[in-house]
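In what follows, a single structure is set out as C-alpha cells and then discussed.
In mature numbering (1 follows the signal peptide of the UniProt record, and there is no 0), the protein residues as written are -38 to -1, 1 to 804.
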C-alpha cells in the first residue's frame, strides 16, 4: 500500500492525496513502545548559530513523534530583514532533509514562483553558478548543456537528479521549503513549517521502516536545516554591491551551507502496528472524529483485547444510513437518525465521545497598503494572529459576495468591496487590518464539498443572527436596522438572496465565467476553477497552511489539450488564506483560529474553555443520549460552533462479541482517550476533555451496548423507543426532552429498555456539567493502558476497498451516497431492490 501511494504521489500533486478519505489502523504506522501517560513529548529544541550568527537561537516546537503536521519555528538574535517589501538580506532559509548534506535536501521547488524583484535571482534555487559571483569553497558539479551547475538531488530511494531545481519527487505545489523567513526589527521571527512523511515527500522517506524490519520503534529520521543569510555574499562582498542590491546565491552553496543549524526530526515509523490475525471491528463516521480515532487506534489494538478498530471517513448521512442498516457496526456522527429513518423495533444507542468545534482557520501575513504608515510597512510578512468574525461577515464570505471571492469582473458583485480588508464592517471589529492590502485574497473561505452536519450547524449559527439574516435578505450594509451609515453599500450576491437556511452544504451558485477575447484559444475561467472546493476539511486546512488556494487558474497553452493547471501557492510574505475546518485539524496544521461572535455579542475562540462552555450550553435533541449545539445561547463564554461527536450503534444487531468490543472502544475513548498529549492513545490538541458527567453517560451507554448485544430485538412501534432521560446529558439540560430533531431510537440512561409502548421521561436529577475546571479535564480513574507512541500521517487516507464493498453489500438502502464525493458522484452498485440515493446537491 505504501509503495502504491508513493507511485501515486510521483505522478500527481500531493494535494490529490488528501482526496482519499478512508483510513484503517491495519495499514497505519508501527508504534514505538512508550507509555501513554508520559510527559508531553513535543520536546521543543533550541539550537544556536555559529560564526557570524553566534547570537542566533532557533527553537523548533516539536521534533519527536512527528507525522504530517506543522511545527512552529521561532528565533531571536537575528538581524532585521532588509527592506519592508523584499528579501534583500538578513533572513533564514529552511528545508527538510534526509541527511546532513545539501544534495539530500528538498529545496528549489519554490524557484518556479515569480520572485523577480523581491529576492535574489538564485536564492531559492539549487543553482551554483551566478555569473561573475563565485563561491571559493564550492566545487562545481558537471554543468548541464547550458553551462549551469546545480546541486544534485539524491533521493532516499537512490535516484539522483542532476539537472534542475525540481523533479519527480517535489515541485512548487508539493515542496515544504521556506525559502524566505523574515526577522523583525527586534531580530525575532517565526514561521510554521510542514513536516512531511514519506507519503508527502517520497524523496525524503521520513518515517519509513527498513524492509523486513519488525516491531520497529522508529522510522527513518530526517533533519530540519536552517541556513541563515546575512549581508555578505559567498565571495565576501556586500549584498549592496550586487547589481540588484540583493543577495544572489543559493543556501546550498558551500560558503552558505557551512553556517547551517540542524535539528533532528523523529518521525513515527510507517508500517503495521496491529497484531496480525487480531479481530477487526469496522467503524465509520464524520471527519470531526478522525484525528481522535486515528490517535486511539494503536493504543486499542495493543491493549489486552488486541482488537483492531478500522475507521472509514464518510458523511454524516452515510453514517446514519449505516446505523439503521442490518449491520450497524459503530458509527460517529453529529446529529441522530430521525424517527422515520429508524426501522420498527430498532433502538439505537448514542454515546457522547469527543468534544471539538468547527472553526475558520487562517494563515494571513501582514501586507501593507501603498499609503500605510511606516510602522505598518515594517510588519510586512509577519503572521497575523487575530481575526474576529461575526455571523454576518461569515455570511458574506460564504455567498461569493466579495469581489475577490467571486471575480472582479462579475456584474453580480461589481459594487461590493474587494475583500474583508476593504469592508468597513470588518475593519470595525478588526482595526489592525485597516492599512493592509490583500490583492485577490480574503474574499472567501476554502470549504469542503461533502454534505455534513457541521455545515448545518454553521448555517444554523448564521441563520439565528438577525444581522446576518438582514444581509442575506438583500438589505445593503448602510441601510437596515443592523447596518451602519459608515459601512459601504455592500449587498449579498443576488444568487444567494433569501437563501434557505440551515443547509448541509456550501453552494457555489454564481455562474460567472471570465472570457478572454484577446486570446481566442483560452477557455473561460469559471468560479469552480478559480475558487474550488476542498475535498474535505483536512485538505482545506493543509492547503491554508501552505498558502494554497487550490485554484486552477493558470492557463497552460502547451498542455494537450490546453487547459487550466494548478496555481502555485502564494509567495512567502504575501499569503492570505481562510479555511473552514475542525479545531483538531487546525491545530495539527498550525492554523490560527478566528474568534466568532456568539449570541451574547462576545468574540470567543475555540480553546478548551470556549468549547466546554459551548458544551454546557447544549440543548436536548429529542433523542436519548444526544444533545445538540445551541448557537443562540447567551452564555457569554460559549464558543458558538462547539460540536459534540456521538458514537452510535444498535446493540441487538450486533453479536455478543461485537458489542463487547465496541463497548471497550467507547470506554477507552472517554477514559484514557481523554488524556491530552501527543503520544498514542491520547487526546489530540484541538479537542477538549469531556466533563466527568458526560463521560459517565458514555460509559452507561457502553454498558447498554455490551448487555444488549446479541439479544433478540424488542417488539415496539416504528422507530423504537422515543426520547427520554439522557445518557448523554449535558450542561444545557438532559439529553432527552423536547427540542431539536424529532428522532427515535434512544435508550434510558442506565442502558435498560423502556417497557414496550411507553415513553421514557426526562431525568430531572441530571445536573449541568458546570464551568471548565481542572477536575473536569482530569483523566478518568480507569487503569492506565501502557501504549506505544502514535502516528497518523497521511495513512488516514488509505482506501479501505474491502470495508467499503462490504458496507455496500450489507445495507438494504441508500447507505453510501457519495462516500468519496471528490472521486465519485455515488456508488454504482446497490443491493437488489434498494432505493436509489437521493441527490446531495452539487
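Ideal Cβ placement from N, Cα and C applies to all residues, glycine included.
Whether residue i touches residue j by CB criterion (7 Å)
i	j	result
residue 343	residue 144	yes
residue 28	residue 229	yes
residue 502	residue 605	no
residue 646	residue 546	yes
residue 549	residue 294	no
residue 573	residue 602	no
residue 9	residue 214	no
residue 87	residue 212	yes
residue 588	residue 312	yes
residue 327	residue 535	yes
Backbone CA spacing between residue i and residue j [nearest angstrom]
i	j	result
residue 490	residue 253	29 Å
residue 631	residue 637	10 Å
residue 561	residue 595	6 Å
residue 542	residue 405	13 Å
residue 320	residue 151	29 Å
residue 99	residue 332	42 Å
residue 578	residue 611	25 Å
residue 340	residue 575	39 Å
residue 185	residue 416	38 Å
residue 347	residue 554	6 Å
residue 388	residue 494	24 Å
residue 306	residue 621	21 Å
residue 153	residue 272	35 Å
residue 345	residue 509	12 Å
residue 367	residue 32	27 Å
residue 106	residue 58	26 Å
residue 163	residue 516	24 Å
residue 619	residue 374	59 Å
residue 207	residue 50	7 Å
residue 455	residue 403	18 Å
residue 129	residue 70	10 Å
residue 350	residue 91	48 Å
residue 642	residue 424	37 Å
residue 672	residue 512	48 Å
residue 142	residue 537	13 Å
residue 26	residue 504	20 Å
DSSP state of residue i mapped onto helix, strand, coil
i	result
residue 286	coil
residue 322	strand
residue 519	coil
residue 248	coil
residue 621	helix
residue 279	helix
residue 218	helix
residue 395	helix
residue 500	helix
residue 637	coil
residue 582	strand
residue 422	helix
residue 200	strand
residue 116	strand
residue 654	helix
residue 226	strand
residue 615	helix
residue 806	There is no way to answer for residue 806, as the model of the chain reaches only from -38 to 804.
residue 375	helix
residue 31	strand
Whole-Å CB distance - residue i paired with residue j, under 8 Å assumed
i	j	result
residue 139	residue 72	6 Å
residue 363	residue 381	Not confirmed; about 11 Å, so no contact.
residue 246	residue 225	Rounded, the Cβ-Cβ distance is 38 Å, inconsistent with contact.
residue 467	residue 420	Not quite, the Cβ-Cβ distance comes to about 11 Å (not below 8 Å), so this is no contact.
residue 675	residue 282	Not quite, the Cβ-Cβ distance comes to about 19 Å (not below 8 Å), so this is no contact.
residue 231	residue 181	4 Å
residue 459	residue 472	12 Å between Cβ atoms; not a contact.
residue 191	residue 218	7 Å
CB contact below 7 Å: residue i versus chain C
i	result
residue 301	Among the chains of the structure shown, chain C does not appear; only one protein chain is present.
Three or more C-beta pairs closer than 8 Å, one from the segment 119 to 139 and one from the segment 526 to 535: is that the case here?
Three or more beta-carbon pairs separated by less than 8 Å link the segment 119 to 139 to the segment 526 to 535, which places the two stretches in contact.
Just checking, does the segment 431 to 449 make contact with the segment 354 to 372 on the three C-beta pairs under 8 Å criterion?
Because the criterion of three Cβ pairs below 8 Å is met, the segment 431 to 449 and the segment 354 to 372 touch.
May I ask you to verify whether the segment 154 to 169 touches the segment 105 to 123, counting CB pairs closer than 8 Å and requiring at least 3?
The segment 154 to 169, when compared against the segment 105 to 123, does touch it at the 8 Å Cβ threshold.
Can at least three beta-carbon pairs, one atom from the segment 622 to 629 and one from the segment 652 to 668, be found at a separation below 8 Å?
Verdict: yes, contact present.
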